[in-house]
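Participant: Residue numbers (our numbering): 297 to 673.
Glycine included, C-beta positions come from ideal geometry on N, C-alpha and C.
None of the values given here were measured: they were computed from a predicted structure.
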Ligand code: 13P
Ligand code: SF4
């Protein structure tokens, strides 16, 4: 096998990069909801236009209720790009706050209230690990132009790596467009880290027979011949919240209520997406329920906080969690506790910044190229 040069990344494991992030001071740990809401509102009043709060659809109710804008990953990155507040408070996970820092101007600061909101799937494709896999993958198909695409759910150094190899970022709402861009620019796609979104996108483009999987943890899971023969190479990562949904859950819902509709996130397994009526990003899920007729039933295959929000926001629609009590919340998203929000806002009002996410300058520029390519497709 021909040995390729690696990009010699100067990087640590992403999770441990932000050692400036602080724990919640004990005096904020026991706040009741009424007191907290009053204090958040007072801090926001004082901060005025200096602050904007962006909240992902999976955030807790108390965060979503204070957000200036709620949306999916793509919408939040657009909002961050357009925000002109000095402080962007991000109700989401580390990779989203990193992307916001990359997209916003240098005189704006992005604050991630809790230090522990890190998406486990993003950690399944560390740039260091991808860099060495890249040497093996490119050596397996030496004559092919391979374009790496990373899902938004990845750290900034992996986004920078993708840009350095002619690739880009995508979210669940534009993965098909990113694949089309990549096939215009090259011959093969390496998609990271979510194999289910990758497989669902390949199906959407009628390329399901072109898939090879790359399991970086299993020596048997890396087949150079398969890579040489396939147009789409999928990194073996997944989201544990979405892997939980099974075809049987859809069959049970339909057996109980033949009129029920099912919508799932494309991070779900292929067979689940196939069995559902519709699949789409969290924004598509929100829109679908918002447009449902009163009395319709929609079973939702995604993170449980969003399902609960949809039940509250649309009481005339029968919104049910696809796998009942077994539906999970996202452990990373849940870390953004409203007590943390109170703390960072009160401290900002007092002139003190905490938990600022600052992507290293050497990664920022290239990762920005990968994000800009996505925003332009
Ligand atoms: P969306 O881009 O659909 O909001 O998804 C983000 C995510 O993390 C899903 O698990
Ligand atoms: Fe990551 Fe899954 Fe949580 Fe989305 S739901 S942030 S992919 S762990």
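With 16 other CB atoms within 10 Å as the buried threshold, where does residue 611 fall?
Facilitator: Residue 611 comes out exposed.
Participant: Report the rounded CA-to-CA distance for residue 573 versus residue 515, giving the unit in angstroms.
Facilitator: Distance between the alpha carbons of residue 573 and residue 515 is about 37 Å.
Participant: Out of curiosity, what's the CA-to-CA distance linking residue 433 and residue 324?
Facilitator: 49 Å
Participant: Taking a cut-off of 5 Å, which residues have a beta-carbon closer than that to any heavy atom of ligand 1, in chain order?
Facilitator: 368, 369, 467, 468, 577, 578
Participant: Below 6 Å CB to CB, which residues in the same chain sit around residue 666 once its five sequence neighbours on both sides are set aside?
Facilitator: 455, 458, 459, 464, 465
Participant: State yes or no: is the C-beta of residue 605 within less than 8 Å of the C-beta of residue 357?
Facilitator: For the 8 Å CB-CB criterion, residue 605 and residue 357 form a contact.
Participant: Can you tell me whether residue 608 is buried or exposed? The criterion is at least 16 other CB atoms within 10 Å of its CB, across all chains shown.
Facilitator: Within 10 angstroms of the beta-carbon of residue 608 lie fewer than 16 other beta-carbons, which makes it exposed.
Participant: Per the DSSP calculation, residue 596 is bridged to which residue(s)?
Facilitator: 559, 617
Participant: If we count the other Cβ atoms within 10 Å of its Cβ and call it buried at 16 or more, is residue 496 buried or exposed?
Facilitator: buried
Participant: Which residue's Cα is closest to the Cα of residue 674: 625, 555, 582?
Facilitator: As shown, the chain starts at 297 and ends at 673. That puts residue 674 outside it, with no answer to give.
Participant: Would you mind giving the Cβ-Cβ distance between residue 600 and residue 410, rounded to the nearest angstrom? I have them listed as a contact below 8 Å.
Facilitator: The pair is not a contact, with the Cβ atoms about 19 Å apart (cut-off 8 Å).
Participant: So residue 486 packs on residue 468, CB below 8 Å; how close in whole Å?
Facilitator: Not really, about 18 Å apart at Cβ, beyond 8 Å.
Participant: Answer yes or no: the CB of residue 563 versus the heavy atoms of ligand 2, is any distance below 7 Å?
Facilitator: Residue 563 Cβ: within cutoff of ligand 2.
Participant: Please return the same chain residues whose Cβ sits closer than 7 Å to the Cβ of residue 663, not counting the five positions on each side in sequence.
Facilitator: 398, 452, 455, 456, 459, 655
Participant: Cα separation between residue 385 and residue 505?
Facilitator: 43 Å
Participant: How about residue 477: is its Cβ closer than 7 Å to a heavy atom in ligand 2?
Facilitator: no
Participant: Does DSSP put residue 383 in a helix, a strand or coil?
Facilitator: strand
Participant: How big is the Cα-Cα spacing for residue 503 and residue 637?
Facilitator: 44 Å
Participant: Tell me where the alpha helix (DSSP H) around residue 396 begins and ends.
Facilitator: 390-399
Participant: Go through its chain and collect everything with a Cβ distance to residue 400's Cβ below 8 Å, but skip five positions before and after it.
Facilitator: For residue 400, same chain residues with a beta-carbon under 8 Å away, outside a window of 5 residues either side, are 376, 377, 379, 384, 406 in chain order.
Participant: Roughly how many angstroms lie between the CA atoms of residue 546 and residue 360, to the nearest whole one?
Facilitator: One C-alpha to the other measures close to 29 Å.
Participant: Please tell me whether, using a cut-off of 7 Å, the distance from the CB of residue 354 to the nearest non-hydrogen atom of ligand 2 is below it.
Facilitator: yes
Participant: Does ligand 2 have even one heavy atom less than 7 Å from the beta-carbon of residue 588?
Facilitator: no
Participant: If you follow the beta strand (DSSP E) that residue 472 is in, where does it begin and where does it stop?
Facilitator: It is not in any beta strand (DSSP E) - residue 472 instead sits in the alpha helix (DSSP H) that spans 471-481.
Participant: Does DSSP put residue 679 in a helix, a strand or coil?
Facilitator: In the structure as shown, the chain begins at 297 and stops at 673. Residue 679 is therefore absent and cannot be evaluated.
Participant: Among 429, 548, 423, which residue has its Cα nearest to the Cα of residue 620?
Facilitator: Taking the Cα of residue 620 as reference, the smallest distance to any Cα among 429, 548, 423 is reached at 548.
Participant: Verify whether the separation of the beta carbon atoms of residue 342 and residue 645 is less than 8 Å.
Facilitator: yes
Participant: What residue range does the beta strand (DSSP E) around residue 581 cover?
Facilitator: No beta strand (DSSP E) contains residue 581, which is instead part of the alpha helix (DSSP H) from 578-586.
Participant: Report yes or no: do the segment 621-631 and the segment 579-586 share at least 3 C-beta pairs separated by less than 8 Å?
Facilitator: no
Participant: State the beta-bridge partners of residue 575 as determined by DSSP.
Facilitator: 560
Participant: Identify the continuous beta strand (DSSP E) that holds residue 466 and give its terminal residues.
Facilitator: Start and end: 464-466.
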